[in-house]
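Structure, as structure tokens:
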Amino acid sequence: MNRLARVTLTLIALAIACAGVGCVPKERGSTVEIKREADTSKVQPPELPKTNPTASQMEQAIVFDLRNRPDSQDFWTPTRSEAKCVAQEVVMGVGLDRLSSLGFQPGTPGASLVDVAMTAEERAKVVAALTSCVDTHEAASSLFFGKGRISAKAAQCVADALDKAGMVPIFFDAWINAKPVDPFANDSNLVNTMSAAAQVCLSPNDLNWPTLRSPVDDQDLIDSDLPAGSRDSNHPDDRRLREEESN
């Protein structure tokens, strides 16, 4: 399999792996940077009363579930205003009494928004709320940048293609349904869009994956002696190799 094909498929695998957590970028180029303002594991989740919670209490609980993140991890989370918007739409769409009857409790394994037994129609309303309230381009940029797997510029380029094609809600749907993303669903629209974007957006020097292996043939994506994919690149390891060869 040629390198571009393996890179494209691994990019898809990276997106699928991050879909449940949404890796936050530390470098965003010209886009508006998402600040690290999320709730953390040190913050105690609000406890909903078992009966008759108020709409405000339910919204605060949903906001916590959307934004809670361990300090040590770079998960993407919505901004506070985005999370509040999502929470309001979910309470209005799914229903206050319904969410309460499902036993939803924020920050509680088995009782989180993802875990409670909502119907497919109710989960679709959560996806619609996320799609309506969240900056989908920023979310996708965060997802593909990960922890620097590709450059911010390349991540934004891939995100732009997916956002314009209306593909970002696929990742929201996977999250709320606690299932992996199927890149070949819907007539393979997702994999086709990502493949086309990879050919336009990615070059060998965009990649820095010396320890990442292809999910298809288990080969190194990049020669360990050429971490950036090109002996002429500015990657520190490539510069070091050039210096060693010149001595």
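According to numbering that gives the first Met the number 0, numbering within the sequence shown proceeds without interruption in unit steps and concludes at 246. A virtual CB, placed ideally from N, CA and C, is assigned to each residue, including glycine.
Which whole-angstrom value describes the C-beta separation of residue i and residue j, a residue pair presumed to lie in contact below a C-beta threshold of 8 Å?
i	j	result
N67	G106	6 Å
T192	M166	6 Å
M57	V90	5 Å
A173	P179	6 Å
D64	S111	6 Å
I169	L189	6 Å
N51	R122	Going by Cβ atoms, the distance from N51 to R122 rounds to 24 Å, so no, they are not a contact pair.
Which residue comes first and which comes last in the alpha helix (DSSP H) that contains residue i?
i	result
S99	L95 to S100
F183	Where F183 is concerned, there is no enclosing alpha helix (DSSP H), given that its DSSP letter is neither H nor E.
F63	A54 to R66
F170	P168 to I175
T130	A119 to C132
K152	A151 to K163
Does residue i pass the burial test, meaning 16 or more other C-beta atoms within 10 Å, or should it be called exposed?
i	result
A128	buried
E244	exposed
Q43	exposed
A184	exposed
E120	exposed
E242	exposed
N246	exposed
S223	Note that S223 has pLDDT 40, beneath the 50 cutoff, so the model's placement of it is unreliable and the number below is only indicative. Flag for S223 reads exposed.
Ignore the nearest five residues each way along the sequence and tell me which others in residue i's own chain have a CB closer than 6 Å to its CB.
i	result
A196	V157 and A160
K124	G92 and V93
F171	V126 and L129
S80	none
With a Cβ-Cβ cutoff of 8 Å, do residue i and residue j count as a contact?
i	j	result
V133	P77	yes
A82	V113	no
P45	A60	yes
L95	A54	yes
D162	T135	yes
Check the Cβ-Cβ distances between residue i and every residue of chain D, and say whether any is below 8 Å.
i	result
P105	Reference to chain D is not applicable here, since this structure consists of a single protein chain.
Only counting the same chain, and skipping five residues up and downstream in sequence, which positions put a Cβ closer than 8 Å to that of residue i?
i	result
V199	C156 and A160
A164	N188 and T192
Q104	P44, E46, L47, A60, A110 and S111
S100	none
Given residue i, which residues of its chain have a CB within under 7 Å of its CB, disregarding the five upstream and five downstream residues?
i	result
G102	A110 and V115
Q87	E58
D186	none
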